[in-house]
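There are 4 protein chains.
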Amino acid sequence: MTKADEGAATGRTAQKRQAILSAATTLFLRNGLRGTSMDEIAALASVSKQTVYKQFTDKEALFREIVEEVTGNSDAVVDILAAAFGDTLAATSDELEERLRTVARVYLDAVLRAQVLSLRRLIIAEAEQFPDLARRYYEQAPARGIDVIADRLRRYAEAGLVVADDLRLAAAHFAYLALAIAQDRALFLPSELPGPGERDRLAAAAARAFLATYGSTEPDGGKP
Amino acid sequence: MTKADEGAATGRTAQKRQAILSAATTLFLRNGLRGTSMDEIAALASVSKQTVYKQFTDKEALFREIVEEVTGNSDAVVDILAAAFGDTLAATSDELEERLRTVARVYLDAVLRAQVLSLRRLIIAEAEQFPDLARRYYEQAPARGIDVIADRLRRYAEAGLVVADDLRLAAAHFAYLALAIAQDRALFLPSELPGPGERDRLAAAAARAFLATYGSTEPDGGKP
Amino acid sequence: MTKADEGAATGRTAQKRQAILSAATTLFLRNGLRGTSMDEIAALASVSKQTVYKQFTDKEALFREIVEEVTGNSDAVVDILAAAFGDTLAATSDELEERLRTVARVYLDAVLRAQVLSLRRLIIAEAEQFPDLARRYYEQAPARGIDVIADRLRRYAEAGLVVADDLRLAAAHFAYLALAIAQDRALFLPSELPGPGERDRLAAAAARAFLATYGSTEPDGGKP
Amino acid sequence: MTKADEGAATGRTAQKRQAILSAATTLFLRNGLRGTSMDEIAALASVSKQTVYKQFTDKEALFREIVEEVTGNSDAVVDILAAAFGDTLAATSDELEERLRTVARVYLDAVLRAQVLSLRRLIIAEAEQFPDLARRYYEQAPARGIDVIADRLRRYAEAGLVVADDLRLAAAHFAYLALAIAQDRALFLPSELPGPGERDRLAAAAARAFLATYGSTEPDGGKP
DNA sequence: CATGAATGAGAATTCATTCAT
DNA sequence: TATGAATGAATTCTCATTCAT
Chain R
496 MTKADEGAAT GRTAQKRQAI LSAATTLFLR NGLRGTSMDE IAALASVSKQ TVYKQFTDKE
556 ALFREIVEEV TGNSDAVVDI LAAAFGDTLA ATSDELEERL RTVARVYLDA VLRAQVLSLR
616 RLIIAEAEQF PDLARRYYEQ APARGIDVIA DRLRRYAEAG LVVADDLRLA AAHFAYLALA
676 IAQDRALFLP SELPGPGERD RLAAAAARAF LATYGSTEPD GGKP
Chain B
496 MTKADEGAAT GRTAQKRQAI LSAATTLFLR NGLRGTSMDE IAALASVSKQ TVYKQFTDKE
556 ALFREIVEEV TGNSDAVVDI LAAAFGDTLA ATSDELEERL RTVARVYLDA VLRAQVLSLR
616 RLIIAEAEQF PDLARRYYEQ APARGIDVIA DRLRRYAEAG LVVADDLRLA AAHFAYLALA
676 IAQDRALFLP SELPGPGERD RLAAAAARAF LATYGSTEPD GGKP
Chain W
496 MTKADEGAAT GRTAQKRQAI LSAATTLFLR NGLRGTSMDE IAALASVSKQ TVYKQFTDKE
556 ALFREIVEEV TGNSDAVVDI LAAAFGDTLA ATSDELEERL RTVARVYLDA VLRAQVLSLR
616 RLIIAEAEQF PDLARRYYEQ APARGIDVIA DRLRRYAEAG LVVADDLRLA AAHFAYLALA
676 IAQDRALFLP SELPGPGERD RLAAAAARAF LATYGSTEPD GGKP
Chain S
496 MTKADEGAAT GRTAQKRQAI LSAATTLFLR NGLRGTSMDE IAALASVSKQ TVYKQFTDKE
556 ALFREIVEEV TGNSDAVVDI LAAAFGDTLA ATSDELEERL RTVARVYLDA VLRAQVLSLR
616 RLIIAEAEQF PDLARRYYEQ APARGIDVIA DRLRRYAEAG LVVADDLRLA AAHFAYLALA
676 IAQDRALFLP SELPGPGERD RLAAAAARAF LATYGSTEPD GGKP
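Residue numbers (my numbering), protein chains in the order written: chain R, 496 to 719; chain B, 496 to 719; chain W, 496 to 719; chain S, 496 to 719.
Following this line, the structure appears as C-alpha cells:
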C-alpha cells in the first residue's frame, strides 16, 4: 500500500463517516433521538445502513459522538464571548457599560442561533437518559461562558471598575441578565425569536442592571 | 336508569379516566412522549387499551390533555409566588430586601421541584412538534410568574420603594436573577439540585442585585 | 364477568398458547433454536407475532418453557422403564435374564424415538448457552433412568440374584450397555435407526453381559 | 515470476488459509455454525472477508472443510487408544485387567477433552442439516475406536484370554462401559467433568465388568 | 488481490391502532 | 363496554454475499 492508497482509503472512509455524522447531526437536532431512525440517517448520508453500523456501534454511540462533537464546537459560543470583551480594558464607567452592552448583545446573538437552541433542547430532552452527556454539555457551554465572564470581571475588579465579593456569582448574574429572558422564551417559542431592537434593549438593560449592582461607585477615579 | 346508576356509571368512567391520566402523566414525565407506549399506560392504569382509546382519540390527544392539565396545575407555582409577596407592602428598604429574599427563595423552591423540572424538560423536548403546547405552557408558567412580579413591583413603585421605567423588564430581571442560575443547572444536572444553603445564597444575591438596580435611592420616600 | 366468560376467555387464550407451544416445539426440535424464527412459529401456530410476544417475553423464554415442558414429559421414558421391570421379582436367574432383556429392549425403543433423539440433540446443541436447561434435562432423563434401575437392582440384590457393591454404578453399566451403542449411532445417523432384530440382539447382549458381571454365581439358591 | 516468488505467494496464501481455518475452528466449536458469522471469522483471522470468500465458496463449504479436518485429527484419539493397548499381549488375566484399566482410563481422558466434546456437540447439533458430515465423523471417531478395540480383542481371543462370539459387539461393550457414563454427563454438563479419582473408578469398573463377561474362565492356560 | 462499501434480506422486537367478542 | 387478539408497519440490528476500487 502506498501513501496515496492509504490516503485515498482513509479519505473515502473518513468522507463517509463525515457524511453520516453530518446527516445524523441534522436529524437529531431536528427530530430528536427517538424521532430519528437509522434508516433516515443512512438515506440522508447516502450510505448503506451497514456502513453506518460499521462506523458506529449502535444508535446510542452515534448519538454520543455527535453530541460530543457538537458540544465541542459550542466552544464557538465561548470564543465569541471572549472576543467580544476585547483585549483592552475599558477606561471609564461609561466605556464599560457600552462594552458590556456589546458583550451582552453578541452573547445573546450567539445563543439564539437555531442550532444552539436545538442542541440545548436535544440535550435537555435526553438529560435523564444520558446524564454524562448533559453534564459535559453543561460544563462546556453555559458553565464555561460564566468562567470567561468571571475572568474578565476579575480584571475589571483589579482596575477598580467593578466591585464584587463573589466573581462567579457576579458573572452568572451578568450572563443570565443578558440571556435568560430571551433564551427561555426561545426554548419554548422557537418561531418567535426576538428581533434586533428587542435584543438591543435586553442587552442594554442587562449592562445597566449589572453595573448598578456591581459597578464601582467612584468609577474611574473622579471626573474633574 | 336511575340517577344513581348514571352517577355510578359516570363515576366509574371518570375514575378510569383519572387513572389513565394519572398513569400517563407519570410516564410521560418520566420517559417522554416517545418513550411511553400506550401499552404501558394501560397497564399502569390497570385498564385495557381499548378503554384508553375510548377516552382519548389517540396518543397525541392524550398527551395534549395531560400537558394542558399539568400546565394548568402549574398555577400552583404562580400562586405560591403571589402568596410569598404577602398582602402588605413593605415599609422600608430593609424590609423590602428581606421580603424579596423570601420571595426569591420560595419561588426557587417551587421551580426546582422534580415534577416541575420534568415538565419543563418534556415541553422543551416537544416544543417543535407541539408549538401550541409549548406556547401555552410558556404563557401559563414563566410568563405569568413575571406578570405577578410586575404587578407587585407596580405597587412598590407607587410607594416609591422601587424605580423602574419598564416594570415587566424589571420583573423579568428579578425572576431570572432568582431562578436562572439554579434552574438552568438543574435542567442539565437533574441529580444535583442545590441544597438549602445554596438556595439561600442565590435568593439573597438576587434580592440584593435587584434592589441595587431598581431600589429607590431615597429609600422609603424620606421620612422628614 | 361470569364463570362462563372467564372459562371462555381462558379457553381461548390457553388454546392459542397451546398452539404456540406446539408449533414452537415442532420447529425447535426440527430446526434448532437459531434455525427457528418467531415468524415461523407464529405462522405455524396461526397466530399473530404479537400474540406470541404477549404470551412469551422473548424467544429465549419460549425456548425455555418448551424445553422444560418437553423435559417433564420425558418422564414418559422413565415410566416406561419402570413399568418394564414389572411388579414381581424374578424367581430364577434365567427368568432374570429374560426380564432384563425385555427391559433393555423396551428402554431402547423408548430412547430411539425420533422425538426423544431430537430433544437430546437440541439440548446438547444448546448446552453451553443454557447450562441450566441441560442440567435439568440430564437430571430428569438419563439420571432418573439410572435411579430407577438402581432401585430395582437393590431389590434383586436383596433377593440374592444380583451382587454389586455400587448399585448406581451397576445400574449405569446396565443402562449404557443397553442404550449407548444404538443411541450414540442414532444421534449421528438419524436416518439409520436399528431395526427390531438389531435391537433384540443389543438388548440380549446387554442382559447377558450385565448378568455375567453382576449376576450371583450361586443363582437362585441351588436347584437340587 | 521465479519459483521463489511462486513459493512465497503460495506460502502467503496458504498461511492466510490456515489462519482462516484456525479462526473458524475456534469459533465454530465455541459458538456453533449459526452462532458464528463470517465477519467474526475474518476478524479473528485478521484477513478481509473477501479473502475468506476467495478461499472458500461459502460458509457451508468452510464449515465442511473444518469439520472434515478436525474429524481427521480426531484420529489422534484413535491413535492414543491404539497406543494404550501396547505392543505386547498380556500374559495373564491379572495383567490383562490392568491393561484394560489403563486403556479405559486413557481413552476416557482422550474423549473428555474440551475440544473433543465441543466437536461432538457441534456435529450432533448439525446432524440433521449435514448428515454426511455426521456420518463421516461417526465413522472416523467412535466407530474406528471400536474397530481398534475389536482388533486387539481378536488377538486376545486368539491367545485364549478373551472369549467372544461377536468381537465388534464385545469391543463396543468395552468402549461404552468405559466412556458412556462420563461422556454422556459431560455432553450435558460441560462444567462438571469428572476428576481423576472418578475416572480411575470408572475405568477400573469398566475393565472388571468387561472381563467378567468376556474373560476366559480358564484364564491363561491354567496355572498348575 | 484485497479492502471497504454496498446490497438485500431477514430476524427480533415494539407500537399505535382496530376488530371481534 | 371492555378484553384479548390481530394488524401492519416500523425499528434496531445482523448476516451472507457481492461490487468496485
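Glycine residues also receive a C-beta, built at the ideal position from the N, C-alpha and C atoms.
Buried/exposed call for residue i, threshold 16 Cβ in 10 Å
| i | result |
| --- | --- |
| R:T587 | exposed |
| W:P691 | exposed |
| R:T708 | buried |
| W:A609 | exposed |
| S:S532 | exposed |
| S:T520 | buried |
| S:R507 | exposed |
| R:D627 | exposed |
| B:S711 | buried |
| W:G640 | buried |
| S:A645 | buried |
| R:A556 | exposed |
| W:D589 | exposed |
| R:D679 | buried |
Contacts that residue i makes with chain W (C-beta to C-beta distance below 8 Å)
| i | result |
| --- | --- |
| S:S686 | P626 |
| S:T708 | R703, A704, A707, T708 |
Under 8 Å between C-beta atoms of residue i and residue j
| i | j | result |
| --- | --- | --- |
| B:E563 | B:F551 | no |
| B:L682 | B:E621 | no |
| B:A599 | B:A701 | yes |
| W:L720 | W:L524 | For chain W, the structure presents residues 496 to 719; residue 720 of chain W sits outside this window and is missing. |
| W:I536 | W:A518 | yes |
| W:R694 | W:D604 | yes |
| B:A675 | B:L607 | no |
| W:V565 | W:A636 | no |
| S:E634 | W:P685 | no |
| B:A577 | B:V601 | no |
| W:K549 | W:D534 | no |
| B:L584 | B:R650 | yes |
Identity of the residues DSSP links to residue i by a beta bridge
| i | result |
| --- | --- |
| S:V657 | S:G710 |
Beta-carbon neighbours of residue i, restricted to chain B and to distances below 9 Å
| i | result |
| --- | --- |
| R:A620 | G527, R616, L617, I619, A620, E621 |
| R:P691 | Simply none; closest approach about 17 Å. |
Listed by chain order, chain W residues near residue i by CB distance under 9 Å
| i | result |
| --- | --- |
| S:A605 | None at all; the shortest Cβ gap to chain W is about 16 Å. |
| S:Y602 | Result: empty, since nearest Cβ-Cβ is about 14 Å, beyond 9 Å. |
| S:Y632 | F683 |
| S:G530 | R529, Q624 |
Sequence-distant residues of its chain with Cβ nearer than 6 Å to residue i (five each side left out)
| i | result |
| --- | --- |
| B:A699 | R596 |
| W:A499 | Note that W:A499 scores 40 on pLDDT, short of 50, meaning its location in the model is unreliable; the coordinates nonetheless yield the value given after this. Nothing meets the Cβ criterion. |
| S:L612 | A681 |
| S:R512 | Q550 |
Close beta carbons around residue i, own chain, < 7 Å, minus the five adjacent residues each side
| i | result |
| --- | --- |
| B:A514 | A540, S541, V542 |
| R:F705 | L595, H668, F669, L672 |
| R:V547 | I515, M533, I536, A537 |
| S:L648 | V657, A659, L662, A665, A666 |
| R:K554 | M533 |
| S:V643 | V573, L576, A577 |
| B:F558 | F523, L528 |
| W:A654 | L584 |
8 Å CB neighbourhood of residue i in its chain, flanking five on each side removed
| i | result |
| --- | --- |
| S:A652 | V658, A659, L662 |
| W:L617 | F523, L524, G527, L528, V562 |
| R:G567 | Q635 |
8 Å Cβ cut-off: residues of chain R touching residue i
| i | result |
| --- | --- |
| B:Y671 | Y671, L672, A675, I676, D679 |
Partner residues on chain S for residue i, Cβ-Cβ distance less than 9 Å
| i | result |
| --- | --- |
| W:A698 | The contacting residues do not exist; W:A698 stays about 12 Å from chain S at best. |
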